[in-house]
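Participant: Sequential numbering from 1 applies to the sequence shown in the UniProt record's numbering. Every residue, glycine too, gets a C-beta built ideally from N, C-alpha and C. Every value quoted in this text rests on a predicted model; they were computed, and no experiment measured them. Could you have a look at this structure, given as structure tokens, before my questions?
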Amino acid sequence: MSYVPPHKRPSNRNPTPTPVPSSLNPKPFASPRHRHHQKPRLIPFSPRLISRWYATSTESLALVPYDSEAIERKYGSKPLTVNVTDEAGLVEEEERGVLRGIVEKVARDLIEAGQHAKEESRSGDVKLLVMARVGKVLFRGDRSVCLDSIIKAPTSERGLNKLHACKTFYTTVSEEYIREVEELLVDKCGFKFVRAKERYYIRVLDKRQPDLIISCKCAALHDSGLELYKVEHIPLRHMVTDVSCLSKNFDLRIMLNAKRPVKNLDADVAKGINQLISAAVIDPEVKGGLRWPLGKESAADQFVIMGVWHTEHKILNRDKIRVNMRQADRFDYHSSTGEDANEIWLKLSGLSEQLTEDHLCEGSIVDMIQEVVALIWGNLLSNSTGTVVRKGNNENADIALLAAPSLCQWPSAFRGQRNQSRRSTDRAGSDRFKIPPSDTISNLATILVMVQNQLVMNKIFATEAGGVPGFYGSWMAFGLSDV
């Protein structure tokens with residue numbers, strides 16, 4: 001009998017089943033929360049976005065940790081800011097040179113970005129909007145971020161992309177600062193009070209157009225309902241220039257956005273938006289100021305709420321410069337995080353009009369930028385307290401424990417209750433203020449102890465390795481403060 005190779009011999013065992021296609025294989029290391037569609041960018045950027053960072057000095061610089069309990073909880077690590085090691089102030093001549101340098105760089109970027117914006121928006125009704133903001137330029141608290149890489153970033157496209165990814169602008173300021181600015185602008189700078197207003201903003205995602213987020217501006221009615229005021233797309237950002245003002249308490253951001261109103265809504269889109277707005281209930285006890293009954297946080301299985309804002313504005317005006325002092329209460333449905341913020345920003349309508357002209361007058365643009373920069377530099381970048389924000393320990397409490405799942409395992413009892421709660425309650429509404437049962441609170445206390453112990457160990461390991469204590473966490477693009 002001839003020899004039969006083993007792989008050709010008959011077998012009495014059951015045939016090997018057909019392998020499962022690779023596309024159906026489970027991914028054990030992928031979080032179930034991220035197996036669905038990716039979250040659309042809250043702040044859309046132009047393909048030709050101009051993103052810059054400048055410092056008012058290049059000597060005696062250092063990256064230092066920035067103390068902010070709220071932002072540490074939000075980002076999972078302590079951010080860094082650029083500071084000077086030499087505390088000597090600028091003499092008058094040096095200050096004029098600094099202002100001149102800021103004006104030249106901002107004017108160059110703004111003119112170039114304005115031309116790009118007009119080229120991209122020839123086919124639509126787009127309104128250009130130049131804005132200035134006061135806050136703090138922060139960098140990710142990561143070992144890969146160093147002062148040398150930040151300074152050399154503008155020399156290459158790869159460096160610019162890395163800088164843009166690790167940089168954010170924190171706009172929250174203190175209530176004391178807001179009051180100081182209001183008194184200063186009215187008493188010494190000739191600004192007039194225009195009006196105060198209250199608005200609710202609802203950001204809606206259309207699943208058929210996941211790259212576009214619709215912003216619905218609403219006013220409150222007497223029956224705890226909302227009245228639709230305006231519908232528009234989230235502004236497209238064409239330019240963002242951040243200036244670290246090292247001799248001041250605050251930094252400066254100047255932006256160019258393109259706003260595109262939605263004039264003719266499709267019947268289905270209008271119906272879906274109206275359903276969401278009519279179902280909204282004003283509730284000051286929840287983050288964002290709005291909640292929806294169970295099952296009403298989406299419409300027609302097509303329109304989903306991305307986030308809500310409740311804002312109170314006080315507006316001052318002089319010539320074509322409008323100062324908006326805003327108190328904002330925000331909630332992001334995708335990350336289930338919220339924040340309270342006091343912010344100040346300037347709407348520069350004179351510059352916006354200049355950029356929309358067919359023939360740009362560079363001299364007029366430079367003069368306007370010089371006026372704006374001088375106004376902000378002399379009046380808005382310093383305050384008597386010398387701090388960007390001063391908040392109590394209980395504020396932003398809903399952001400706490402964001403890094404907890406990455407530091408420890410949830411106790412099994414609490415994990416089951418948490419999953420059951422997600423299935424049986426409305427994440428958009430009642431989960432934000434529902435009082436947990438006593439056994440859940442007990443398990444939560446256990447989690448707090450575990451997190452505290454893990455943070456202590458991380459701090460020890462990071463210190464021994466020469467790193468920054470408390471670095472272990474993720475730098476999350478919350479983004480709302482940048483809007």
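(1) Helix, strand or coil: how does DSSP classify Trp377 here?
(2) Going by beta carbon distance, what residues of the same chain come within less than 6 Å of Arg33, once the five residues before and after it are set aside?
(3) Pick helix, strand or coil for Asn257, following the three-state DSSP scheme.
(4) So Val98 packs on Leu61, CB below 8 Å; how close in whole Å?
(5) What are the residues that DSSP puts in a beta bridge with Arg199?
(6) Entirely within the region 237 to 294 and at least 4 residues each: give me those alpha helix (DSSP H) ranges in chain order.
(7) Considering only C-alpha positions, which residue in the set Gly350, Leu228, Ile234, Tyr201 is nearest to Asp211?
(8) Please look up how many angstroms separate the CB atoms of Lys271 and Gly338, rounded, as I've assumed it's under 8 Å.
(9) Going by beta-carbon coordinates alone, are Trp309 and Asn324 separated by less than 9 Å?
(10) Starting from the C-beta of Glu312, find all residues in its chain whose C-beta is less than 6 Å away, skip the five residues before and the five after it, and write them out in chain order.
(11) Shortest alpha-carbon distance to Ser382 belongs to which of Leu163, Lys152, Asp266, Val134?
(12) Where do the N-terminal and C-terminal ends of the beta strand (DSSP E) with Thr81 fall, by residue?
(13) Does the contact criterion of 3 or more C-beta pairs under 8 Å hold for the region 362 to 380 versus the region 168 to 188?
(14) Thinking Ser224 and Ile273 are a contact (beta carbons under 8 Å), I'd like their distance in whole angstroms, please.
(15) CB-CB under 8 Å to Leu147, same chain, minus the five flanking residues each way: which ones, in chain order?
(16) What are the boundary residues of the beta strand (DSSP E) that includes Leu63?
(17) For Tyr177 and Asp268, what's the separation of their Cα atoms in angstroms?
(18) Give me the Cα-Cα distance between Gln354 and Trp292, rounded to the nearest whole angstrom.
(19) Within 10 angstroms of its Cβ, does Asn257 collect 16 or more other Cβ (buried), or is it exposed?
(20) Hey, would you say Ser46 sits closer than 9 Å to Glu112, going by beta carbons?
(21) Comparing the C-beta of Met306 with each C-beta of chain C, is any distance below 9 Å?
(22) Report, in whole angstroms, the separation of the C-beta atoms of Thr172 and Glu343, which I expect to be a contact under 8 Å.
(23) Start and end of the beta strand (DSSP E) containing Gln327?
Facilitator: This is what the structure holds:
(1) Within the sequence shown, the letter at position 377 stands for residue 377. Reduced to three states, the DSSP call for Trp377 is helix.
(2) Residue 33 sits at position 33 when you count from the first residue of the sequence shown. Caution applies to Arg33, whose pLDDT of 42 falls short of 50 and renders its modelled position unreliable; the value that the coordinates give is listed next. Once the five neighbours on either side are set aside, Arg33 has no close Cβ partner at all.
(3) On the sequence shown, residue 257 is found 257 positions in, with the first residue counted as 1. Note: Asn257 maps to strand in three-state DSSP.
(4) The residue labelled residue 98 in the question sits at position 98 within the sequence shown. The residue labelled residue 61 in the question sits at position 61 within the sequence shown. Incorrect: roughly 14 Å between the Cβ atoms, too far for contact.
(5) Translated into positions along the sequence shown, residue 199 becomes position 199. According to DSSP, which records beta bridges pairwise, Arg199 is partnered with Thr311.
(6) Counting only unbroken stretches of 4 or more residues, the alpha helix (DSSP H) elements lying wholly within the region 237 to 294 are 267 to 279, in sequence order.
(7) If you number the sequence shown from 1, residue 211 lands on position 211. If we check each option's Cα against that of Asp211, Ile234 comes out closest.
(8) As a working note, residue 271 is residue 271 in the sequence shown. As a working note, residue 338 is residue 338 in the sequence shown. Rounded, the Cβ-Cβ distance is 29 Å, inconsistent with contact.
(9) What you label residue 309 is simply residue 309 of the sequence shown in a count that begins at 1. What you label residue 324 is simply residue 324 of the sequence shown in a count that begins at 1. Not closer than 9 Å, so no.
(10) Mapped onto the sequence shown, residue 312 falls at position 312. So the list reads Glu198, Gln327, once near-sequence residues are dropped.
(11) Your numbering for residue 382 matches position 382 in the sequence shown. The shortest CA-to-CA distance from Ser382 to any of Leu163, Lys152, Asp266, Val134 is the one to Val134.
(12) For the purposes of this step, residue 81 is taken as the residue at position 81 of the sequence shown. Per DSSP, the continuous beta strand (DSSP E) segment holding Thr81 begins and ends at 80 to 84.
(13) Yes: at least three Cβ pairs fall under 8 Å.
(14) Taking the first residue of the sequence shown as 1, we reach residue 224 at position 224. Taking the first residue of the sequence shown as 1, we reach residue 273 at position 273. Contact check for Ser224 and Ile273: beta-carbon distance about 19 Å, past the 8 Å limit, so the pair fails to qualify.
(15) Mapped onto the sequence shown, residue 147 falls at position 147. Once the five neighbours on either side are set aside, the close Cβ partners of Leu147 are Leu61, Ala62, Leu63, Val82.
(16) If you number the sequence shown from 1, residue 63 lands on position 63. Residues 61 to 65.
(17) Numbered from its first residue, the sequence shown carries residue 177 at position 177. Numbered from its first residue, the sequence shown carries residue 268 at position 268. So the alpha carbons of these two residues sit roughly 45 Å apart.
(18) The residue labelled residue 354 in the question sits at position 354 within the sequence shown. The residue labelled residue 292 in the question sits at position 292 within the sequence shown. If I take the Cα positions, the gap works out to 43 Å.
(19) Position 257 of the sequence shown, counting from 1, holds the residue named residue 257. Buried, because 16 or more other Cβ atoms sit within 10 Å of the Cβ of Asn257.
(20) Counting from 1 along the sequence shown, the entry for residue 46 is found at position 46. Counting from 1 along the sequence shown, the entry for residue 112 is found at position 112. Not closer than 9 Å, so no.
(21) Going by chain labels, chain C is absent from the structure shown, which holds only one protein chain.
(22) If you number the sequence shown from 1, residue 172 lands on position 172. If you number the sequence shown from 1, residue 343 lands on position 343. Between Thr172 and Glu343 the beta-carbon gap is near 7 Å, inside 8 Å, which marks them as a contact.
(23) On the sequence shown, residue 327 is found 327 positions in, with the first residue counted as 1. Segment 321 to 332, the beta strand (DSSP E) holding Gln327.
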